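Engineer: Going by UniProt numbering, the first residue of the sequence shown is number 1, and it counts up by one from there.
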Amino acid sequence: MIKRYVVGSRMSQAVAAGGMVHIAGQVADDRKAGIVSQTQQVLAKIDALLKEAGSDRAKLIAVNVFLPHITDFDAMNSIYDAWIDPANPPARACVEARLADPDLRVEMTAVALL
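(1) Answer with buried or exposed for threonine 71, where buried requires no fewer than 16 other C-beta atoms within 10 angstroms of its C-beta.
(2) Would you mind listing the beta strand (DSSP E) stretches within the region 29-74 that are 3+ residues and don't spill past its ends, in chain order?
(3) Considering only their Cβ atoms, is the gap separating glutamate 107 from valine 27 smaller than 8 Å?
(4) Would you tell me roughly how many angstroms separate the C-alpha atoms of tyrosine 5 and threonine 39, rounded to the nearest one?
(5) Could you check if methionine 76 is buried or exposed, using at least 16 other CB atoms within 10 Å of its CB as the buried criterion?
(6) Taking the C-alpha atoms as reference points, what is the distance between aspartate 29 and leucine 67?
(7) Identify whether alanine 14 lies in helix, strand or coil by the three-state DSSP scheme.
(8) Alpha carbon to alpha carbon, what distance is there between arginine 31 and leucine 50?
Set out below in C-alpha coordinates:
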(Lines of atoms letter the chains of each structure in order from A and count residues from 1; the text may use other names and numbers.)
(Lines give C-alpha, C1' and ligand atoms only; values in the text may rest on other atoms or scores of the structure.)
Protein backbone atom coordinates (compact mmCIF):
# COMPACT_ATOMS: atom_id res chain seq x y z
CA MET A 1 0.00 0.00 0.00
CA ILE A 2 1.19 3.52 -0.81
CA LYS A 3 0.09 6.54 1.22
CA ARG A 4 0.90 10.09 0.12
CA TYR A 5 1.08 13.12 2.40
CA VAL A 6 0.62 16.79 1.51
CA VAL A 7 -0.14 16.00 -2.11
CA GLY A 8 0.37 18.73 -4.68
CA SER A 9 0.03 18.89 -8.43
CA ARG A 10 3.72 18.11 -8.98
CA MET A 11 4.70 16.02 -5.99
CA SER A 12 3.85 14.72 -2.54
CA GLN A 13 5.82 16.03 0.44
CA ALA A 14 6.08 12.48 1.78
CA VAL A 15 5.24 8.99 0.52
CA ALA A 16 4.92 5.93 2.74
CA ALA A 17 5.44 2.53 1.12
CA GLY A 18 7.08 -0.75 2.00
CA GLY A 19 7.36 0.09 5.69
CA MET A 20 9.25 3.33 5.02
CA VAL A 21 8.43 6.99 4.55
CA HIS A 22 10.33 9.03 1.96
CA ILE A 23 10.32 12.77 2.59
CA ALA A 24 10.74 15.10 -0.37
CA GLY A 25 13.22 17.97 -0.33
CA GLN A 26 12.18 20.38 2.40
CA VAL A 27 13.09 24.07 2.37
CA ALA A 28 12.43 26.96 4.73
CA ASP A 29 9.32 29.08 4.40
CA ASP A 30 11.29 32.22 5.31
CA ARG A 31 13.69 32.36 2.40
CA LYS A 32 15.29 35.58 3.68
CA ALA A 33 16.33 33.97 7.01
CA GLY A 34 19.90 32.89 7.72
CA ILE A 35 21.21 29.34 7.68
CA VAL A 36 20.45 28.68 11.36
CA SER A 37 16.79 29.69 11.07
CA GLN A 38 16.35 27.95 7.73
CA THR A 39 17.84 24.74 9.14
CA GLN A 40 15.44 24.92 12.11
CA GLN A 41 12.49 25.43 9.77
CA VAL A 42 13.49 22.52 7.53
CA LEU A 43 13.95 20.13 10.45
CA ALA A 44 10.58 21.19 11.90
CA LYS A 45 8.95 20.34 8.57
CA ILE A 46 10.66 16.93 8.56
CA ASP A 47 9.48 16.31 12.14
CA ALA A 48 5.89 17.19 11.17
CA LEU A 49 5.93 14.90 8.13
CA LEU A 50 7.46 12.05 10.14
CA LYS A 51 4.76 12.45 12.77
CA GLU A 52 1.97 12.60 10.19
CA ALA A 53 3.24 9.35 8.66
CA GLY A 54 3.54 7.67 12.07
CA SER A 55 7.31 7.82 12.43
CA ASP A 56 9.89 9.92 14.25
CA ARG A 57 13.54 10.92 14.09
CA ALA A 58 14.64 7.82 16.06
CA LYS A 59 13.55 5.81 13.01
CA LEU A 60 15.46 7.86 10.44
CA ILE A 61 17.50 5.76 8.03
CA ALA A 62 19.05 8.47 5.86
CA VAL A 63 19.15 12.25 5.48
CA ASN A 64 20.52 14.14 2.49
CA VAL A 65 21.56 17.77 2.98
CA PHE A 66 22.03 20.22 0.13
CA LEU A 67 23.87 23.49 0.81
CA PRO A 68 24.45 26.12 -1.89
CA HIS A 69 27.29 27.48 0.25
CA ILE A 70 29.42 24.77 1.86
CA THR A 71 30.70 27.50 4.19
CA ASP A 72 27.32 27.07 5.98
CA PHE A 73 28.28 23.48 6.90
CA ASP A 74 29.26 24.19 10.52
CA ALA A 75 26.28 26.46 11.24
CA MET A 76 23.86 23.92 9.74
CA ASN A 77 25.48 21.13 11.76
CA SER A 78 25.12 23.12 15.00
CA ILE A 79 21.34 22.81 14.59
CA TYR A 80 21.27 19.36 12.95
CA ASP A 81 23.49 17.78 15.64
CA ALA A 82 21.14 18.99 18.39
CA TRP A 83 18.12 17.72 16.44
CA ILE A 84 19.07 14.11 15.66
CA ASP A 85 18.46 11.30 18.12
CA PRO A 86 22.03 10.69 19.36
CA ALA A 87 21.26 7.02 20.04
CA ASN A 88 19.99 6.51 16.46
CA PRO A 89 21.84 8.78 14.03
CA PRO A 90 20.90 8.19 10.39
CA ALA A 91 23.25 7.76 7.49
CA ARG A 92 23.83 11.18 5.95
CA ALA A 93 25.28 12.89 2.91
CA CYS A 94 25.90 16.62 2.63
CA VAL A 95 26.73 18.20 -0.70
CA GLU A 96 27.20 21.67 -2.09
CA ALA A 97 24.50 22.25 -4.70
CA ARG A 98 22.73 25.16 -6.31
CA LEU A 99 19.11 25.27 -5.12
CA ALA A 100 15.99 26.38 -7.00
CA ASP A 101 15.85 29.80 -5.30
CA PRO A 102 19.07 31.75 -4.62
CA ASP A 103 17.71 32.78 -1.19
CA LEU A 104 17.48 29.17 -0.01
CA ARG A 105 20.36 28.19 2.27
CA VAL A 106 19.52 24.51 2.86
CA GLU A 107 17.34 21.70 1.54
CA MET A 108 16.98 18.23 3.08
CA THR A 109 15.41 14.91 2.16
CA ALA A 110 14.90 12.01 4.55
CA VAL A 111 13.92 8.35 4.69
CA ALA A 112 12.60 6.68 7.86
CA LEU A 113 11.03 3.43 8.98
CA LEU A 114 7.36 3.52 9.86
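Built from N, CA and C at the ideal position, the CB exists for glycine as well. Remember, predicted model here, so these are calculated numbers, not experimental data.
Structural biologist: The answer reads as follows:
(1) Along the sequence shown, one-based indexing puts residue 71 at 71. With fewer than 16 other Cβ atoms within 10 Å, it is exposed.
(2) 60-67
(3) Taking the first residue of the sequence shown as 1, we reach residue 27 at position 27. Taking the first residue of the sequence shown as 1, we reach residue 107 at position 107. Cβ atoms of valine 27 and glutamate 107: closer than 8 Å.
(4) Indexing the sequence shown from 1 puts residue 5 at position 5. Indexing the sequence shown from 1 puts residue 39 at position 39. Taking the straight line from one Cα to the other gives about 21 Å.
(5) Counting from one through the sequence shown, the residue named residue 76 turns up at place 76. Methionine 76 comes out buried.
(6) Along the sequence shown, one-based indexing puts residue 29 at 29. Along the sequence shown, one-based indexing puts residue 67 at 67. Going from the Cα of aspartate 29 to the Cα of leucine 67 covers about 16 Å.
(7) The residue given as residue 14 occupies position 14 in the sequence shown. Of the three classes helix, strand and coil, the one that applies to alanine 14 here is strand, per DSSP.
(8) Numbered from 1 along the sequence shown, position 50 holds the residue referred to as residue 50. Numbered from 1 along the sequence shown, position 31 holds the residue referred to as residue 31. Distance between the alpha carbons of leucine 50 and arginine 31 is about 23 Å.
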